[in-house]
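For the sequence shown, numbering that gives the first Met the number 0 assigns the number 0 to the initial residue and increments by one for each residue that follows.
C-beta: ideal position from N, C-alpha, C; glycine also.
In this text the structure is predicted, and so the values were computed from the model without any measurement.
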Amino acid sequence: MGERLVIRGGRSLRGRLEASGSKNAALYTLAAALLTPEPVILHNVPQIADIGDMVAVLRALGVRAEIDGTDVTLHAETITETFAPDDLVAAIRASFLVMGPLLARCGEAGCPSPGGDVIGARPVDVHLAGFRALGATTTHEGQSHVARASQLTGARIFLDYPSVLGTVNVLFAATLARGTTVIVNAAAEPEVAMLAELLIAMGARIAGHGTAVLTIDGVERLHGAEFSVIPDRIEAGTYLLAGVATGGDVEIAGAVPHHMDSLIAKLREAGADVTVSASGVRAAAPRPLAAVQLQAVPYPGFATDLHAPMAAALTQARGVSIIHERVFDNRLLYVGELRKLGARITTGGNVVLIEGPSPLTGGSVRALDVRAGAAVVLAALAADGETIVHELQHLDRGYPLLDARLCALGGDVTRS
Ligand code: EPU
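Given below as structure tokens:
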């Protein structure tokens with residue numbers, strides 16, 4: 000049986016935390032190291048299970064890796080394997096990001112289908128269509144998707160959907176393609192824009208990052224770089240929501256306000272006091288929240304990764320809140336868990352209706368995925384009595400030192 004979190008709720012969270020490095024951005028930077036035979040030195044990498052899993056995948060391909068706290072050094076001097084191993088890939092979906100770099104650098108890449116996921120079907124058609132547009136052939140060998148090309152050639156590529164990992168994979172491949180690639184309908188997430196900055200530091204020629212149109216002039220080779228990962232806007236948002244859900248006051252030092260416009264606007268609409276400064280973002284709920292409506296959509300819209308934590312906070316808002324999930328088709332698993340604590344939530348299709356404020360009471364709940372887990376933790380913090388959160392391993396994938404950080408804000412939280 001995995002570890003559990005024991006939360007005695009009913010205390011307002013107050014205080015200040017330093018933002019961790021972004022989980023997803025860090026995963027992209029790790030994969031980027033495959034593009035160069037020189038060392039890539041990364042700082043501010045969060046200490047979470049996903050990073051160790053991704054490093055294991057890279058080591059299996061011949062990359063030398065050293066992890067020292069939040070510093071990671073990767074050296075892909077020689078790539079010994081162009082097919083990612085099935086067992087390691089199963090642990091982490093971002094491992095599909097080895098495809099673009101391996102294809103570009105070695106002319107061949109194989110990776111098992113990351114398959115379905117608890118949050119919904121997770122196809123890779125956008126990635127594969129992008130590789131084909133650059134001149135690769137794609138096939139299926141056993142369990143693996145395989146892409147091959149003796150030379151990639153730049154092209155104008157329209158992505159059917161602004162997939163985040165799809166954009167990253169095609170961007171990786173295009174950096175070493177011959178000629179110019181234009182990716183239209185690219186993901187504009189800050190983590191993708193940051194990755195482009197790392198690639199530029201490695202010698203890539205990229206314009207338009209942070210927008211829906213990326214232009215990449217291919218270069219012959221990339222070199223090493225030293226780079227610091229951006230703060231995690233999802234972790235920051237989760238702690239701000241924990242403060243607001245408990246009628247508290249939380250500041251996240253280092254959080255980048257312009258990465259969090261949609262959350263800040265929604266919190267203000269709900270009546271929270273949000274202060275934005277050069278040092279970070281602070282949110283307080285000195286009065287009861289009001290219900291709001293929102294849609295989870297690609298950036299800069301409201302982040303799907305904050306949907307479930309937001310829903311937990313809205314159980315404490317007066318009126319009926321409505322959340323429409325438009326990114327993933329199965330992100331509502333948290334709903335049943337919140338109901339166990341007394342939340343009044345119903346669903347229809349991918350729409351969630353939350354009636355509040357609901358007095359919540361402690362119980363026994365599961366962290367069904369990393370963000371569904373964050374939602375039950377927030378609800379438990381707002382609930383009266385003791386809640387046991389099972390399957391903590393999902394939360395450990397995305398929230399470094401979760402229990403210690405909640406305790407630092409005045410939460411009564413223990414791991415057992
Ligand atoms: N999609 C396709 N075809 C594709 C790829 C995606 O149809 O080839 C669809 C998916 O089915 C889904 C939608 O596009 O409905 C969005 O998927 P996207 O590819 O944008 O998501 P992702 O790149 O697999 C990353 C993050 C997720 C985050 C999403 C959206 C990583 C490792 N994962 O996933 O993060 O929710 O972008 O912002 O970066 C998390 O941190 O908890 C997490 C799940």
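Chain-order list of residues whose beta-carbon lies under 6 Å from that of residue i (same chain, five-residue window excluded)
i    : result
I263 : V273
S11  : T245, G246 and G247
G115 : Note that G115 has pLDDT 47, beneath the 50 cutoff, so the model's placement of it is unreliable and the number below is only indicative. Excluding residues within five positions, none has a Cβ falling inside 6 Å.
P287 : R317
R343 : E354 and S357
L26  : M53 and A93
H208 : A192 and A195
C406 : V412
L340 : L359, G362, A378 and A382
E65  : T72
A254 : A18, P230, A235, G279 and V280
Q392 : G1
H138 : Inspection of the sequence shows that residue 138 is occupied by Thr rather than by His. The answer, listed in chain order, is V145.
P36  : E76
L332 : L367 and A371
T69  : N43 and V44
A90  : D52
G9   : D383
Residue i Cβ short of 7 Å to ligand 1 heavy atom set
i    : result
G421 : Shown here, the chain extends from 0 to 415; a query on residue 421 therefore has no answer.
D328 : yes
A235 : no
S261 : no
E188 : yes
L170 : no
Y333 : no
D70  : no
D304 : yes
R92  : yes
Y238 : no
H393 : no
K265 : no
R370 : yes
L401 : no
Nearest-angstrom Cβ-Cβ length linking residue i and residue j, presumed shorter than 8 Å
i    : j    : result
L34  : F130 : Actually they are not in contact, since the Cβ atoms of L34 and F130 sit about 15 Å apart, beyond 8 Å.
A295 : I322 : 7 Å
T283 : R370 : A quick correction: the sequence has Ala, not Thr, at residue 283. Going by Cβ atoms, the distance from A283 to R370 rounds to 23 Å, so no, they are not a contact pair.
G109 : V169 : Contact doesn't hold; Cβ gap of about 17 Å is too wide.
N23  : E190 : 5 Å
V249 : R13  : 7 Å
L337 : T314 : 7 Å
Residue nearest to residue i in terms of C-alpha spacing, selected from the options
i    : options                   : result
V183 : A132, T136 and A176       : A132
G20  : L293, I251, K339 and G410 : I251
F301 : R325, A311, V280 and Q315 : R325
A312 : F327, N329 and V291       : V291
V145 : T179, V97, A48 and D159   : V97
Y298 : P161, N43, A90 and L352   : P161
R416 : S227, E188 and G153       : In this structure the chain extends from 0 to 415, so residue 416 is not present and cannot be described.
H126 : V88, L101 and V167        : V167
C105 : I199, L87 and T77         : T77
A200 : A241, Q46 and V39         : V39
E390 : P399, L408, G409 and R414 : R414
P256 : P36, A277 and L332        : A277
P122 : G165, F157 and R220       : G165
L221 : V181, V275, A103 and L408 : A103
V228 : I50, A55, L158 and R7     : I50
Contact set for residue i: own chain, Cβ-Cβ below 8 Å, skip 5 residues either direction
i    : result
L394 : L4, A366, V369, G372, A373, V376, V388 and L401
Q142 : D85, P111 and S112
A271 : V243, A282, A283, A284 and L288
T81  : L60, L101, C105, E107, A108 and G109
F226 : T28, V39, I40, L41, H42, E196, L197 and A200
Bridge partners - residue i, DSSP secondary structure assignment
i    : result
Q294 : H323
I166 : Before going on, a small fix: residue 166 reads as Thr here, not Ile. Its beta-bridge partners do not exist; DSSP assigns none.
I66  : V71
E140 : S143
P113 : Note: P113 sits in no beta bridge, so no partner.
H126 : Looking at the DSSP assignment, H126 forms no beta bridge with any residue, so it has no partner.
V351 : I322 and T346
S363 : I387
I156 : I182
A55  : A55 pairs with nothing; no bridge assigned.
R204 : D216
I91  : In DSSP, I91 forms no bridge with anything.
C-beta neighbour in chain D for residue i, strict 8 Å
i   : result
T79 : The structure shown has no chain D; it contains just one protein chain.
Beta-carbon contacts of residue i that lie in its chain and below 7 Å, excluding the five residues immediately before and after
i    : result
R15  : E250 and A252
E268 : V291
Cβ-heavy atom distance, residue i to ligand 3, below 7 Å
i    : result
P122 : With respect to ligand 3, the structure shown offers nothing to examine, as its ligands consist of ligand 1.
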